[in-house]
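Residues in the sequence shown are numbered consecutively from 1, following UniProt numbering.
Comments concern the structure below.
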Amino acid sequence: MRILIIEDEITLNRTLQEGLTDFGYQVDAAENYKDAEYFIDIRNYDLVLTDWMLPDGDGIELCKIVKNRSSRTAVVILSARDDKDSEIEALKSGADDYIKKPFDFDILLARIEARLRFGGTNVIEIEQLSINPDEEKIEFNGEEIELKGKPFEVLTHLARHRDQIVSKEQLLDAIWEEPELVTPNVIEVAINQIRQKMDKPLNISTIETIRRRGYRFCYPDSNEEA
């Protein structure tokens, strides 16, 4: 499960990062609206935990962006506002929960777990192909395909953005925790594994190479550009 934390109070931001990481969550963190928009654009999150008041914007607007992009992503608003009207405004804007500051971390954790349990399925289904990101599982016509690790994540990301051309740099930013430490060649390796382990045995094409631009998920379209 991947969570995005948006909190401009640095100490609280780090405390949330460390606490959620200790409980097994993959965590990204931003301290302002602009950086949050960047993360929301390149990655898919199961839950977004955002402060209401940010130095360059507000969490309510971010909530709307998140929900427009993926209604299944849970959004939890953190706020020092303790009045009833603010809580109502946040929930009406699309937030799934509203937690007043200061809060107990154990209670926050329990409410995050509850929201993730209530969330919709993340399974991607395209004709005979089914991709389950939560279980790292792929099925084609009911037959399970052995594709794990980074190739699985690359396939999943492209499938989620199947109407877009995604560059190598965007894939690195979205999937690798420290993209600056790896070369773009790792993307080519991952794409090759997808083609060798899944496409060829099944006689299908899932990834189209767009020269000098990146890759596009093309299943069930079989017109692939080498």
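Each residue gets a CB set at the ideal place from its N, CA and C atoms; glycine is no exception.
If you're wondering where the values come from, they're calculated on a predicted model, not measured in any experiment.
Is the beta carbon of residue j closer than 8 Å to that of residue i?
i: L158; j: F217; result: yes
i: I60; j: E31; result: no
i: A29; j: I65; result: no
i: F39; j: L109; result: no
i: S205; j: Y215; result: no
i: L171; j: V154; result: yes
i: L147; j: I194; result: yes
i: L49; j: I3; result: yes
Out of the options, state which residue places its alpha-carbon closest to the alpha-carbon of residue i.
i: D134; options: A114, A95 and Y45; result: Y45
i: residue 228; options: I204, G142 and V75; result: Past the boundaries of the shown model lies residue 228; the chain is included only from 1 to 226, so the question cannot be answered.
i: I210; options: I165, Q128 and I65; result: I165
i: P151; options: F105, I107, D199 and A36; result: D199
i: L202; options: S86, I138 and E87; result: I138
i: L91; options: S70, W52 and L116; result: W52
i: K197; options: E87, G149, Y25 and E127; result: G149
i: F105; options: N13, M1 and D221; result: N13
i: D163; options: E143, D221, E180 and L116; result: D221
i: K67; options: E37, N185 and E136; result: E37
i: A190; options: E180, W176 and L181; result: W176
i: L116; options: F140, P179 and S71; result: S71
With a cut-off of 8 Å on the beta carbons, I'd call residue i and residue j a contact; round off their distance for me.
i: E7; j: L16; result: 6 Å
i: K168; j: I187; result: 5 Å
i: T73; j: L47; result: 7 Å
Only counting the same chain, and skipping five residues up and downstream in sequence, which positions put a Cβ closer than 7 Å to that of residue i?
i: N132; result: V123
i: R213; result: I165 and S167
By Cβ distance, which residues of its chain are closer than 6 Å to residue i, with the 5 residues on each side in sequence left out?
i: A174; result: I42, R43 and H157
i: A95; result: C63, V75 and I77
i: D83; result: none
i: P184; result: K168
Using a Cβ-Cβ cut-off of 8 Å (strictly less than) and excluding sequence neighbours within five positions of residue i, which residues of its own chain qualify?
i: K101; result: L78, S79 and A80
i: R111; result: V76, D97 and I99
i: D56; result: N32, Y33 and K34
i: R160; result: N44 and I124
i: E224; result: Per-residue confidence for E224 stands at a pLDDT of 42, beneath the threshold of 50, marking its modelled position as unreliable; the derived number appears in the next sentence. So the list reads S205, I207, E208, T209 and C218, once near-sequence residues are dropped.
i: S93; result: I60, C63 and K64
i: A226; result: Any answer about A226 is weak, because its pLDDT of 37 lies below 50 and its placement is not dependable; what the coordinates show is given next. Around A226: T209.
Could you give the residue range of the beta strand (DSSP E) that holds residue i?
i: E139; result: K137 to F140
i: K100; result: D97 to K100
i: Q193; result: That residue, Q193, is in no beta strand (DSSP E); its alpha helix (DSSP H) goes N185 to I194.
i: R216; result: G214 to F217
i: E180; result: Note, E180: premise wrong, no beta strand (DSSP E); not H, not E.
i: R2; result: R2 to I6
i: N132; result: L129 to N132
i: A29; result: Q26 to A30
Would you kindly report the start and end of the unbroken alpha helix (DSSP H) that includes residue i?
i: R14; result: I10 to D22
i: L49; result: Not the alpha helix (DSSP H): L49 falls in the beta strand (DSSP E), residues L47 to D51.
i: A90; result: K84 to K92
Is the shortest distance between the beta-carbon of residue i and the beta-carbons of chain D less than 8 Å?
i: A74; result: In the displayed structure, chain D is absent; only one protein chain is listed.
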